[in-house]
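Worksheet for the structure shown next.
Laid out in structure tokens, this is it:
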């Protein structure tokens, strides 16, 4: 904007940016940008999965997955995330209909499922500590905690983001900016569910199978 | 700067400006319907229950076969999530999201299979059997 001041008088003010593009920009490419972020996040998880794949059998004469994991609890955990995925989907559908009250309701339900997931995971970790399986016990446990808690942290921050957006929607309504934010969180949330599929398959099911 | 204020201030003006055809196509194609979410959910439940059942019920005797089956089911469920929950298609965002996805999958496959493969052979070829490995064998 300062540049326009320095333009010589008489000539048409040079255009450094196309103002019309702005709205288009924020609507059109945010989703692509956010998708690219998710892909980079995917690479983080891939390195953690690779680490687990390499170290996951080094028990250092300590407990093995078979001794530690309770698959019933993991199944409940999986159900929590899956339910939260579909309830978030319902929130998005209500958002499309501009039904703010119902959007908020489904977002709240999603958040509760997310909280249940994180709570169950914390309970599992506490249980593992009591069993004598803290992260420093073996390479297997180090890589296990790193992978699973990175996912858990993602979900926790997702919940924080969800609450923030609920406050935003309450305050400003379902305006375009809020819709865009909700769509980003939607992708984030479903992506975390997708990562969890890898976690329960590779870590829990294959671990117990050994 | 101006982009920021554009979002915060009543986004309507900016929105109305920018979202001609493109914006419309985008919002309509982006969310799916009740049907797509429910389909995705039902498929996910099935694809989750089967592997848990296989492992918890000791259905197959051969653990290698079970491993391959649950890995395959996990892979299928990931595709289901991408299609029905993330609403990815080869056409969304002009094909760029799909390109990014393919690129990422390629990297992930190289990274995962490469790491596991290389480190497995390192262990095999270079290390004399250490104390705790022997203990693991004895367990």
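Protein chains in written order, with the working numbering: chain H, 1 to 210; chain U, 211 to 349.
The beta-carbon is built from N, C-alpha and C at its ideal position, and this holds for glycine as well.
If you're wondering where the values come from, they're calculated on a predicted model, not measured in any experiment.
Residues in the same chain with beta-carbon distance under 6 Å from residue i, minus the five sequence neighbours each way, listed in chain order, please.
i	result
residue 45/H	195
residue 142/H	135
residue 87/H	106, 109, 110
residue 237/U	Since pLDDT at residue 237/U reaches only 41, below the 50 mark, its modelled position is unreliable, and the value read off the structure follows with that caveat. Nothing meets the Cβ criterion.
residue 84/H	110, 113, 114
residue 78/H	200
residue 168/H	178
residue 26/H	Here the model assigns residue 26/H a pLDDT of 48, short of 50, so the residue's position is not dependable and the matter cannot be decided.
Can you list, in chain order, the residues of its chain with a C-beta nearer than 7 Å to that of residue i? Leave out the 5 residues immediately preceding and following it.
i	result
residue 128/H	68
residue 97/H	none
residue 300/U	308
residue 206/H	none
residue 74/H	200, 204
residue 59/H	138, 140
residue 145/H	135
residue 335/U	none
Interface residues of chain H around residue i at Cβ under 8 Å?
i	result
residue 253/U	Per Cβ cutoff of 8 Å: no residues; residue 253/U is ~11 Å from chain H at best.
residue 318/U	42, 43, 46
Could you name the residues of the same chain whose beta carbon sits closer than 8 Å to that of residue i, not counting the 5 residues immediately before and after it, in chain order?
i	result
residue 165/H	107, 178, 181, 182, 185
residue 163/H	111
residue 95/H	103, 174, 179, 182
residue 187/H	31, 34, 35, 38
residue 286/U	257
residue 159/H	111, 114, 115, 118
In the DSSP assignment, find the alpha helix (DSSP H) that holds residue i and state where it starts and stops.
i	result
residue 133/H	Here residue 133/H belongs to no alpha helix (DSSP H), and DSSP marks it neither H nor E.
residue 186/H	176–198
residue 163/H	139–172
residue 285/U	273–290
residue 79/H	71–96
residue 65/H	65–68
residue 294/U	Segment: none, residue 294/U is in no alpha helix (DSSP H) and carries neither H nor E.
residue 57/H	Per DSSP, residue 57/H belongs to no alpha helix (DSSP H) and is neither H nor E.
residue 261/U	244–266
residue 325/U	306–336
residue 206/H	206–209
Run through chain H and tell me which residues come within less than 7 Å of residue i, C-beta to C-beta.
i	result
residue 288/U	194, 197
residue 244/U	93
residue 329/U	54
residue 273/U	209
residue 266/U	71
residue 276/U	209
residue 279/U	Within 7 Å Cβ-Cβ: nothing; residue 279/U doesn't reach chain H, min ~10 Å.
Quick one: list the residues of chain U neighbouring residue i, beta-carbon separation under 9 Å, in chain order.
i	result
residue 35/H	296, 298, 302, 303, 306, 307, 310, 311
residue 89/H	241, 242, 244, 246, 247, 248, 250, 251, 294, 295
Taking C-beta pairs closer than 9 Å, name the residues in chain H that residue i reaches, listed in chain order.
i	result
residue 321/U	43, 46, 47, 49, 50
residue 326/U	50, 53, 54
Should residue i be listed as close to the ligand PLP, given that the test is whether its C-beta is under 8 Å from any heavy atom?
i	result
residue 129/H	With respect to the ligand PLP, the structure offers nothing, as it holds no ligand at all.
Along chain U, in chain order, which residues have C-beta atoms closer than 7 Å to that of residue i?
i	result
residue 75/H	262
residue 230/H	This structure gives no information on residue 230/H, because the portion of chain H shown stretches from 1 to 210.
residue 78/H	258
What residues from chain U crowd round residue i, counting only those whose CB sits closer than 8 Å?
i	result
residue 142/H	By Cβ distance, chain U contributes nothing, its closest Cβ being about 14 Å from residue 142/H, past 8 Å.
(request) May I ask you to verify whether the segment 133–143 of chain H touches the segment 190–198 of chain H, counting CB pairs closer than 8 Å and requiring at least 3? (result) no
(message) Closer than 8 Å is the cut-off here; do at least three beta carbon pairs connect the segment 43–61 of chain H with the segment 322–334 of chain U?
(response) yes
(request) Tell me, please, whether the segment 306–316 of chain U touches the segment 28–36 of chain H by the rule of three or more beta-carbon pairs shorter than 8 Å. (result) yes
(request) Mind the definition here: the segment 245–263 of chain U touches the segment 294–301 of chain U only if three or more C-beta pairs lie below 8 Å; say whether that holds. (result) yes
(request) Check whether the segment 118–127 of chain H touches the segment 265–274 of chain U, taking contact to mean three or more Cβ pairs, one atom from each stretch, closer than 8 Å. (result) no
(request) Report yes or no: do the segment 198–209 of chain H and the segment 140–154 of chain H share at least 3 C-beta pairs separated by less than 8 Å? (result) yes
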